[in-house]
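Please read the structure below before turning to the comments.
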Amino acid sequence: MVWGYPEHEVVAALENRTTRTDKLLARLCAGGCCRDDLVPTVTLREVQERFWLDDRIRVAALDGVVIGPFAEVMEYRDDGCPRMDRFEADPSLLGVLERPADAMNLDRCTDHPWVRGVNDAFTARSSSLPGWRWDNAGELLIRECSR
Numbered sequence: 011m012v013w014g015y016p017e018h019e020v021v022a023a024l025e026n027r028t029t030r031t032d033k034l035l036a037r038l039c040a041g042g043c044c045r046d047d048l049v050p051t052v053t054l055r056e057v058q059e060r061f062w063l064d065d066r067i068r069v070a071a072l073d074g075v076v077i078g079p080f081a082e083v084m085e086y087r088d089d090g091c092p093r094m095d096r097f098e099a100d101p102s103l104l105g106v107l108e109r110p111a112d113a114m115n116l117d118r119c120t121d122h123p124w125v126r127g128v129n130d131a132f133t134a135r136s137s138s139l140p141g142w143r144w145d146n147a148g149e150l151l152i153r154e155c156s157r
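Residues 11 to 157 (my numbering) are what the sequence shown spells out, left to right.
As structure tokens, then:
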């Protein structure tokens, strides 16, 4: 049994990291939230996908197993759900690339309004979540800031 991604996919990913990162940064920064003092963060279920991007973008795990909001270890509530609501408060989080409920099957952990709003955006392919917009071309949720 082979674990992880096939070697040829990883090699190809490494070769195209700059281009992928450039394209994602253009989408993320279109929301007006990019700042010189902040490394933009995106959330993914599988943080191994960080190999597809260079170090201009930080990847945080939706389940917090590797790293969560504020580049810290994820905090968990008494009921075992990760404190995904902390992502909302992290100013570096500029993009949500996967539905939080898909991370470790966390459908039961969507009681926070922001987490519910993010999940709903991925279902509806649109966002009514204040401060966030749906990007149809990239199929991701992007934070919007006042310019």
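Glycine residues also receive a C-beta, built at the ideal position from the N, C-alpha and C atoms.
Measure the CB-CB distance between L151 and V106 and report whether it falls below 8 Å. yes
With H, G and I counted as helix, E and B as strand and the rest as coil, what does DSSP make of V71? The identity of residue 71 in the sequence shown is Ala, whereas the question assumes Val. In the structure shown, A71 sits in a strand (DSSP, three-state: E or B).
Using a Cβ-Cβ cut-off of 8 Å (strictly less than) and excluding sequence neighbours within five positions of R135, which residues of its own chain qualify? W144, N146 and E149
What span of residues does the beta strand (DSSP E) with V128 cover, start to end? It is not in any beta strand (DSSP E) - V128 instead sits in the alpha helix (DSSP H) that spans P123 to A134.
Residue interval of the alpha helix (DSSP H) (run including T28): R27 to C39
In three-state DSSP terms, what is E19? Secondary structure at E19: helix, using DSSP grouped into helix, strand and coil.
With a threshold of 16 other CB atoms inside 10 Å of the CB of T133, please say whether the residue is buried or exposed. exposed
Please name the residue or residues paired with G105 in a DSSP beta bridge. V52 and I152
For A22, is the classification buried or exposed, using 16 other Cβ atoms within 10 angstroms of its Cβ as the cut-off for buried? exposed
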